[in-house]
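Taken in order, these protein sequences are the chains called P and L. Residue numbers are given in our numbering: position 380 of the first sequence equals residue 380, and the series is strictly consecutive. Residue numbers are given in our numbering: position 76 of the second sequence equals residue 538, and the series is strictly consecutive. The C-beta atom is built at its ideal place from N, Cα and C for all residues, glycine as well. Working notes for the structure below.
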Amino acid sequence: MSTATKEHATLAEDFNKDEERVNWHDGALWWIRQKRDISAKQTPQWEELREAASAIKSNVLSNLHDYLLQFESNLQKNGIKVHWAADAVEHNEIVYSILKARNIDQMVKSKSMLTEECHLNEYLEERGIDVINSDLGEYIQQLDKEPPSHIVLPCIHKRKEEIGELFHEHLGTEKGLSDPTLLTRAARKHLRNIFLNRRAALTGVNFAVAETGEYIVCTNEGNADMGAHLSDVQIASMGIEKLIPQKKHLGVFLRLLARSATGQPITIYSSHFRKPRQGQEMHLILVDSGRSRQLGRIDFRDSLKCIKCGGCMNTCPVYRKGGGLSYHNTITGPIGAILAPNLDMKKHADLPFASTLCGSCSNVCPVKINIHDQLYKWRQVIVKEGYATNKKIAGMKAVAWTLSSPLIYKMAGKTVRFFLNHLPFVLQNRFNPWYKQRDMPKAPKESFGQWYIKNKGKKKKP
Amino acid sequence: MSSRETILTTVLQNQPPLTPLPDVSIFKVEQEDIVQKYIDTFISIGGKIFSAESMDALKTLMTQNFDLTKRVVTTLPELSDIAELYSSSADPRSFQDVELAVINGHFSVAENGAVWLTDQVMGQRILPYICQHLAVIVRAENIVSTMHDAYARIGEDQYGFGAFIGGPSKTADIEQALVMGAHGPLTMTVFVINNNYNTIQNIQV
């Protein structure tokens with residue numbers, strides 16, 4: 001890769017150096033996947049729900065223009081000020097101008113992947129505005145100056161001892177304290193003060209209803225509500241794809257979201273914001289940032305149906321073994337790998353290759369996005385546009401050459417079998433990427449072709 | 463062109479041909495004993511639940527289960543002898559020392575344990591989030607089966623703020639260890655008022 005950032009495989013390799021951590025990470029996420037399965041099986045008409053959710057989102061994408069207008073007009077009727085941002089910079093400028101108009105230099109923010117994508121915190125900090133992330137996982141990541149590694153579980157890659165160390169340094173907890181309950185209590189106490197003293201609060205948006213002009217924010221911690229209801233100025237940032245047509249459709253989505261995410265029947269808090277509190281100022285920012293472009297990509301537009309449950313990450317063997325930070329993108333995992341190339345194809349050219357194409361992501365997706373098909377299709381676009389690495393192009397050419405001639409194919413097979421069985425060190429060394437973190441298989445003495453020819457005439461034993 | 467116009471123009475250009483909305487009236491779940499289903503679900507998500515046959519019975523349960531010497535607030539005039547009635551125009555920050563808040567819920571949902579509350583019953587939006595312990599009163603006949611029934615019930619209600627709350631505030635962000643009381647209440651209790659139930663019945667503490 002010619003880009004400054006390391007590519008996925010290299011970053012995943014770094015994560016793999018700590019075997020104990022990788023095994024823990026792998027197991028923790030698989031456990032969440034299993035909780036999702038139990039929850040799904042207990043829900044009658046689960047597959048029909050997924051089908052309905054997917055169809056509702058298809059309708060949204062096919063009528064987005066009108067829904068946006070309807071939503072805007074209803075927001076205004078409800079007394080919410082509407083802003084439109086074409087890109088990340090414009091979004092950040094809008095937030096800054098809202099705060100500046102009220103002379104506010106401190107804000108509290110609940111989980112919002114969109115503002116992570118826009119690098120809002122950095123933008124505001126450069127202008128003297130302090131932002132604190134209030135979701136516990138995001139708060140921990142902020143203390144450690146790292147982006148979230150998972151959209152639902154931002155610090156799933158961290159061990160409790162590391163979090164204890166961060167809290168000792170920043171919150172003055174006892175050195176060596178690593179009990180999750182005590183650490184959570186320390187954060188609760190510290191953040192309560194923050195909630196009480198910040199005049200501005202920003203939240204993300206899970207769903208926005210065109211019909212009524214309300215938006216829904218889902219959390220388990222209650223942090224979005226603590227910030228919002230104590231603030232003088234409340235701001236919500238949402239991607240334009242978060243709309244749904246009618247309120248009754250929330251029934252479908254709220255039944256699917258938490259069950260797909262963590263196996264819970266619903267998030268603890270599902271807050272419906274419709275009008276500002278008396279004396280409060282409420283703003284909503286509609287952000288495009290590449291979404292309208294993705295809408296025009298026939299093969300990839302369905303990625304905009306995503307409701308950010310993180311289910312595809314929990315099930316993905318590459319994600320579980322490589323860690324979220326290896327995706328070097330705000331939205332990690334399989335869904336991140338099909339959203340990112342739309343934003344910057346060159347920078348994210350490696351991501352669609354970070355998959356075994358096993359299809360598990362598509363099977364758990366609550367809105368039935370064909371994630372693994374899109375990963376496969378992005379690979380073709382990326383190679384065609386000239387963004388594949390030279391190593392990858394050389395490798396593919398070698399494979400194409402080998403497979404193009406039966407003679408070369410047979411010779412290649414023979415050679416590999418010979419080395420694996422007689423001189424294994426030729427293949428089992430650090431120059432062979434397949435040998436990293438795994439043993440090479442034992443090769444059979446003969447190929448299937450050779451076996452077939454030998455056994456062709458023989459009769460089946462009675 | 464403003465960003466609004468640019469976005470709308472690009473969206474119109476790029477959106478696919480119109481596809482129909484699906485029929486969501488197909489989702490019907492019949493519950494045999496909806497009250498029992500609700501109780502089971504609410505306990506499974508970490509809630510505490512009591513069944514009471516009257517407001518007097520409820521008061522007795524409150525005295526037995528909560529520390530009423532600390533600040534207890536309510537929106538229900540019938541509880542004014544044991545809790546403080548508060549004004550909906552007070553500064554939201556003034557509720558930071560509330561130990562227990564007791565409010566009415568509109569209805570509950572059996573499939574997930576959540577209670578539907580709007581600012582009408584909250585009095586103050588911050589209240590169910592800032593208190594250390596939350597108690598909500600729901601009448602047994604106001605329990606619905608699923609979220610589809612829930613939204614049918616909400617209908618055209620013109621609330622300014624509404625929320626489903628299902629259990630105490632939770633986090634599992636540190637090594638997936640479940641901790642109750644992240645930022646919101648440490649516990650949530652639902653009092654089911656059920657005139658048909660056996661006399662005061664302590665289901666689970």
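- Taking CB atoms only, L/Phe489 has a neighbour in chain P less than 9 angstroms away.
- Looking at the backbone, the Cα of L/Asp619 and that of P/Trp30 are separated by about 41 angstroms.
- Separation of L/Leu523 and P/Leu11 (C-alpha to C-alpha, rounded to the nearest whole angstrom) is 57 angstroms.
- Your pair P/Val95 and P/Leu120 checks out as a contact, with CB atoms roughly 6 angstroms apart and the cut at 8 angstroms.
- Its Cα nearest to that of L/Arg601, the residue L/Val652 stands out among L/Asp635, L/Gly629, L/Val652.
- Across the set P/Pro148, P/Arg293, P/Thr212, the C-alpha of P/Arg293 shows the shortest separation from the C-alpha of L/Asn476.
- DSSP, reduced to helix, strand and coil, places P/Tyr387 outside both helices and strands of the structure shown, so it counts as coil.
- Just measuring C-alpha positions, the residue of L/Ala576, L/Val564, L/Thr536 sitting nearest L/Tyr548 is L/Thr536.
- Against chain L, a Cβ distance below 8 angstroms from P/Ala208 picks out nothing, because the smallest value is about 15 angstroms.
- A Cβ-Cβ contact shorter than 9 angstroms links P/Asp105 with P/Ile129.
- Among the bridge pairs identified by DSSP, P/Trp84 is matched with P/Leu286.
- In chain order, Ser464, Ser465, Arg466, Glu467, Thr468, Ile469, Leu470 make up the part of chain L whose C-beta sits under 9 angstroms from the C-beta of P/Trp84.
- When secondary structure is reduced to three states using DSSP, L/Arg601 falls in the strand class.
- Against chain P, a Cβ distance below 9 angstroms from L/Thr481 picks out Ala55, Ser58, Asn59, Leu61, Ser62, Asn63.
- For the pair of segments examined, the region 107 to 124 of chain P was found to touch the region 216 to 234 of chain P: the number of CB pairs separated by less than 8 angstroms reaches three.
- Here the alpha carbon of P/Leu153 sits roughly 30 angstroms from the alpha carbon of L/Ala563.
- Judged by DSSP secondary structure, P/Glu116 falls outside any beta strand (DSSP E) and instead within the alpha helix (DSSP H) spanning 113 to 117.
- For P/Phe195, the closest Cβ of chain L is nearer than 9 angstroms.
- Shown here, P/Lys17 sits in coil according to DSSP, grouped into three states, outside any helix or strand.
- Within 10 angstroms of the beta-carbon of L/Asp635 lie 16 or more other beta-carbons, which makes it buried.
- Across the structure, P/Tyr123 and P/Ile151 are spaced so that their CA atoms are roughly 21 angstroms apart.
- Buried is the label assigned to L/Ile616, since at least 16 other Cβ atoms lie within 10 Å of its Cβ.
- Within 7 angstroms of the CB of P/Ile38, no CB atom of chain L is found; the nearest one sits about 12 angstroms away.
- The alpha helix (DSSP H) runs of length 4 or more contained entirely in the region 23 to 95 of chain P are, from start to end of the chain, 46 to 62, 64 to 77.
- Comparing alpha carbon positions, the residue from P/Val252, P/Leu295, P/Arg198 closest to P/Gly227 is P/Arg198.
- Judged by DSSP in its simplified three-state form, P/Lys109 adopts strand.
- For the set L/Lys510, L/Pro482, L/Ile599, L/Ile488, the Cα lying nearest the Cα of L/Ser516 is the one of L/Ile599.
- Counting only Cβ-Cβ distances below 7 angstroms, P/Val252 has contacts in chain L at Val486, in chain order.
- Not a single CB atom of chain P sits nearer than 9 angstroms to the CB of L/Asn566.
- For P/Asp225, the enclosing alpha helix (DSSP H) covers residues 223 to 230.
- The straight-line gap separating the alpha-carbon atoms of P/Ala86 and P/Gln142 is approximately 26 angstroms.
- Collapsing the DSSP output to three states places P/Lys158 in coil.
- Per the DSSP secondary-structure output, P/Tyr215 pairs in a beta bridge with P/Ala208, P/Phe273.
- Between the alpha carbons of P/Tyr139 and L/Pro479 lies a distance of about 42 angstroms.
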